């Protein structure tokens with residue numbers, strides 16, 4: 001009888017983020033080392049050294065597969081500051097943003 005598989009991991013701080021327009025960046029999270037056989041249920045969160053509270057989307061999983069998923073991150077700080085500065089991969093690098101994840105694959 002197959003058993004459930006649980007695995008976790010994290011992306012490298014500040015590495016792998018790509019631009020998508022002026023107000024969004026994304027990262028593709030690789031979960032291949034977990035060796036999931038199906039598409040697991042993923043839970044994720046954004047971690048780093050600063051400015052996470054000025055973002056939105058860091059816990060949203062897109063396009064989950066057995067080998068990974070994507071997270072989109074949008075800058076929300078403009079609402080508080082009154083300026084729309086946008087967000088870039090450089091912000092992710094400066095703040096060492098990374099995605100921590102857990103996957104649960106039930107047979």
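Numbering (the working numbering), first residue to last: 1 to 107.
Using N, Cα and C, we set each Cβ at its ideal position, and we do this for glycine too.
Computed from a predicted structure; not experimentally measured.
When secondary structure is reduced to three states using DSSP, residue 77 falls in the helix class. Contiguous beta strand (DSSP E) elements confined to the region 24-85 occur at 24-30, 41-47, 62-65 and 68-75, taking only those with 3 or more residues. The way I'd put it, the region 9-21 doesn't touch the region 53-69; fewer than three beta-carbon pairs between them come closer than 8 Å. With a beta-carbon spacing of about 5 Å, residue 68 and residue 30 fall inside the 8 Å limit used to define contacts. Look at residue 7 here: in three-state DSSP terms it is strand.
At least 8 Å separates the beta-carbon of residue 66 from that of residue 100. If you ignore the 5 residues before and after residue 16, its C-beta comes within less than 6 Å of the C-beta of 27, all in its own chain and listed in chain order. Per DSSP, residue 89 is one residue of the alpha helix (DSSP H) stretching across 89-94.
Residues of the same chain with a CB within less than 6 Å of the CB of residue 106, apart from the 5 flanking positions on each side, are 4 in chain order.
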